[in-house]
Amino acid sequence: MIIFISNWFFILFLLCIFQINLISTTHLPNYQFTRTNNNDLYTCLSTLLPLSVRTIYPCSTIANQNSFQYECVHFNITNLSAIHGGRISRSPAVIVYVTDSSDVQNVLVCATNLNYVVNALSGGHSYEGYGLGSTYNNIIINMEGINYININQHDRTGTFGAGARLGPIYYEAYQSDNYTINAGVCPWVGLAGHALGGGHGLLSRRHGLLSDNVLEMKAVNAQGQRAYACETCERMDYFIRTTINKHLPTAGVQFNQLPFLAESSCSDNEDVASLSNIQFQPIFITGIHRSGTTLLYEQLCKILPVAYVTPYSILYYNHLIEAEDNGQTSVYINALHKYFQLLGIRNRFIDTTPVSALNPSEEYCFVIGRQRNGGLSTSLPFTKNFPTLTSKSHKTFDNLCRKLIYIQKPKSNIVLLKNPWDYGNEAEILKLYPNAKFIHILRNPLEVINSLYLAMSHYANGIQFDPYVWTIGAPSFKSFICTERFISSLIGTKKAKKRTFNKAKNMYLNNASIGFNSIQSLPSNKVYTTTYSNLIENPIEQLGLICQFIGIQVCQEQLSKHNCVKKPFKPSDILEENRQSIIEQLNKRNLSTNY
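Residue numbers (mature numbering (1 follows the signal peptide of the UniProt record, and there is no 0)): -25 to -1, 1 to 570.
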């Protein structure tokens, strides 16, 4: 619904949109990512959907063996896929052309029962082709049949279907007393993604995004149930609540506003005596990215009485003291737990590291990056300007450490921290914090490069944006990911993989010697070095030695709480192709080829 502020512009907008959010299904343990046929899906859909609903299956499916040659030629995924040199890396299981919300509900019933992922396609304007699903046989719900456009001149509002295109909407609105909406310039863009925050136009600076003007919404949730959202609705899930006037990011799977923060107008007073008088000793786990810093961090946080960084402390940094003093910490934490559940966040996606509001899995750089320049970090990842601990950022770091001790109340004054971006910066950190200690972890270079490549591929070439990174990352990191994904979509799968691998390789080669030299410059009583292999093979022994180095006595029972599990190393094909070349480059730079 649109309410116009004049004959030219509008303020409020009612969107009837059928949005599917099935992120959680991608993490089910029994999900089959490859299917020889989709006949079970065909049987289910043909039973529930009316004959008037058009469905298109791949030509390899029994349902399409006798189909028209035209459809088979234009839906021959095998020939068009990137595997065979084409530009399409998506392989949908079926495309369903729905006409109303009941069709959407029926499709979701089949998707849930048969464990398929669903993508909604409105206009299809996506450089990465999200509307075509993924390589994992997604169900595509084509929304173009839900394209009604109703303009109410009495209250200057408009009601639209999710499949309506901007061009027809512009035309109908203009015909109704010269109205318009603040959307994009391409007439073929679909309304759904645009109205959920997926685009901006010439009027956006003055009137905000189209998502700012959504007044009401009808939706179908992942369980196939109809949902209704409006500004005055008292009971709405966080997903629906934040869809209304909350600047929803692209694809409707992110939230710009965390639960309960919208109602909180004040931030922590970081100058209070109760905070400034807290003394702390920072212990840094240091090492290059993907060398095992997260694993070591988790294990030590389990067995030591220390304070540590959590997703909650990052996302609610400016409200930690306020929540603690008002007895609201548990309320905020529970809200964040539910928030993660709604987004389908169970782990970090790039690995199996569990994610929860209180799980110690993240770096302090996220706090520094979010606080820089009023919360807008201008630095870019994989550059020297990425948030690190310096004389300019140490005040934020000090406050973070004191806040962690204030809210977590550990039995010691130790704050355990990690930030691989500070690898090579240890000498400077020691100048800022003379009582600091460092735990240095090394890992086989080939394993590190392989893991770096897989992580970077997830961000740059993955099937979807990572909702966890999109929640916790600074704006510059999100911009970097968008740029990388856009470049990958332009150059094609093969070149994108090679480009990503070269980045991972160079990242290790360029940073390993810098970090190692920095560690070597530290006094011997300030650093303890271990290896990933030793930690995995002899966890109790290594964790015990580290605890002795820190200065905390831990009993055998506590040490046995570790979950260090050895996983077989599975090198990627591109690593095997470049193995010898990498070893030669390591030798040339006098870097060890194994740890």
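C-beta: ideal position from N, C-alpha, C; glycine also.
Alpha-carbon spacing of residue i relative to residue j, whole angstroms
{"i": "F135", "j": "E119", "result": "12 Å"}
{"i": "H537", "j": "G519", "result": "11 Å"}
{"i": "N153", "j": "N125", "result": "15 Å"}
{"i": "I31", "j": "A202", "result": "28 Å"}
{"i": "N425", "j": "P546", "result": "6 Å"}
{"i": "E512", "j": "A332", "result": "30 Å"}
{"i": "T269", "j": "R29", "result": "49 Å"}
{"i": "A298", "j": "F315", "result": "19 Å"}
{"i": "P409", "j": "K370", "result": "16 Å"}
{"i": "L427", "j": "Y292", "result": "28 Å"}
{"i": "D397", "j": "L364", "result": "7 Å"}
{"i": "S288", "j": "V195", "result": "33 Å"}
{"i": "residue 604", "j": "L392", "result": "Nothing can be reported for residue 604, as the shown portion of the chain is limited to -25 through 570."}
{"i": "G174", "j": "S496", "result": "50 Å"}
{"i": "S305", "j": "N388", "result": "23 Å"}
{"i": "I382", "j": "L295", "result": "7 Å"}
{"i": "H100", "j": "G302", "result": "46 Å"}
{"i": "S499", "j": "C276", "result": "24 Å"}
{"i": "S179", "j": "G344", "result": "27 Å"}
{"i": "N112", "j": "I308", "result": "36 Å"}
{"i": "N419", "j": "T568", "result": "7 Å"}
{"i": "P362", "j": "N400", "result": "12 Å"}
{"i": "E532", "j": "A487", "result": "35 Å"}
{"i": "V84", "j": "L279", "result": "47 Å"}
{"i": "E552", "j": "E559", "result": "13 Å"}
Sequence-distant residues of the same chain with beta carbon closer than 6 Å to residue i, five excluded per side
{"i": "I253", "result": "R377, I380"}
{"i": "S21", "result": "none"}
{"i": "I325", "result": "A430, H433"}
{"i": "L407", "result": "H369"}
{"i": "R181", "result": "none"}
{"i": "T506", "result": "L417, Y570"}
{"i": "P514", "result": "H537, C539"}
{"i": "D441", "result": "F324"}
{"i": "I115", "result": "P67, I70, N94, L96, G108"}
{"i": "I489", "result": "G399"}
Identity of the residue in the options nearest residue i by Cα
{"i": "G262", "options": "Y503, N322, D243", "result": "Y503"}
{"i": "V74", "options": "H100, R460, W396, A137", "result": "According to the sequence provided, residue 74 is Thr. The question's Val does not apply to it. Answer by Cα proximity: A137."}
{"i": "Y443", "options": "I466, L318, K478, L89", "result": "L318"}
{"i": "Q198", "options": "A310, G302, N81, Y291", "result": "N81"}
{"i": "L190", "options": "N477, G176, R181, L171", "result": "L171"}
{"i": "F372", "options": "P385, N394, I489, Q383", "result": "N394"}
{"i": "L484", "options": "R321, Q200, H100, I557", "result": "I557"}
{"i": "P25", "options": "V92, N14, G168, Y72", "result": "Y72"}
{"i": "F413", "options": "S493, I116, L375", "result": "S493"}
{"i": "L96", "options": "N122, T87, N90, S77", "result": "N122"}
{"i": "L375", "options": "S27, V390, M192", "result": "V390"}
{"i": "A167", "options": "S186, K386, S76", "result": "S186"}
{"i": "N188", "options": "N157, Q200, A204", "result": "N157"}
{"i": "S76", "options": "Y149, C19, Q200, T155", "result": "Q200"}
Beta-carbon proximity list for residue i, same chain, < 8 Å, skipping 5 on both sides
{"i": "A411", "result": "Q256, P257, I258, F259, I404, L405, K501"}
{"i": "L290", "result": "L233, L311, T446, I447"}
{"i": "G159", "result": "L141, H169, G174, H175, G176"}
{"i": "I549", "result": "Y428, K472, K473, F476"}
{"i": "S266", "result": "P395, I416, L417, R418, V423, Y507"}
{"i": "H2", "result": "Per-residue confidence for H2 stands at a pLDDT of 38, beneath the threshold of 50, marking its modelled position as unreliable; no derived number is given."}
{"i": "K541", "result": "I511, E512"}
Residue burial classification, residue i (beta-carbon count within 10 angstroms, cutoff 16)
{"i": "P329", "result": "exposed"}
{"i": "L271", "result": "buried"}
{"i": "L(-11)", "result": "Only weak support exists for where L(-11) lies, its pLDDT of 38 falling under 50; the coordinates are left without a value."}
{"i": "N565", "result": "exposed"}
{"i": "N562", "result": "exposed"}
{"i": "F476", "result": "buried"}
{"i": "G133", "result": "buried"}
{"i": "T458", "result": "exposed"}
{"i": "F452", "result": "buried"}
{"i": "A402", "result": "exposed"}
{"i": "G526", "result": "exposed"}
Proximal residues to residue i (C-beta, below 7 Å), its chain only, five neighbours per side dropped
{"i": "E147", "result": "I124, I126"}
{"i": "R323", "result": "V330, S336, Y443"}
{"i": "S463", "result": "A435, N436, A471"}
{"i": "F544", "result": "E422"}
{"i": "S151", "result": "I126, Q128"}
{"i": "I320", "result": "V330, P442, Y443"}
Closer than 8 Å to chain D by CB, residue i
{"i": "N322", "result": "Among the protein chains of the structure shown there is no chain D, as only one such chain exists."}
Legend entry - Cβ contact (3+ pairs, closer than 8 Å) linking the segment 132 to 147 and the segment 156 to 169: yes
Legend entry - Inter-stretch contact at 8 Å, needing at least 3 Cβ pairs: the segment 324 to 339 / the segment 274 to 286: yes
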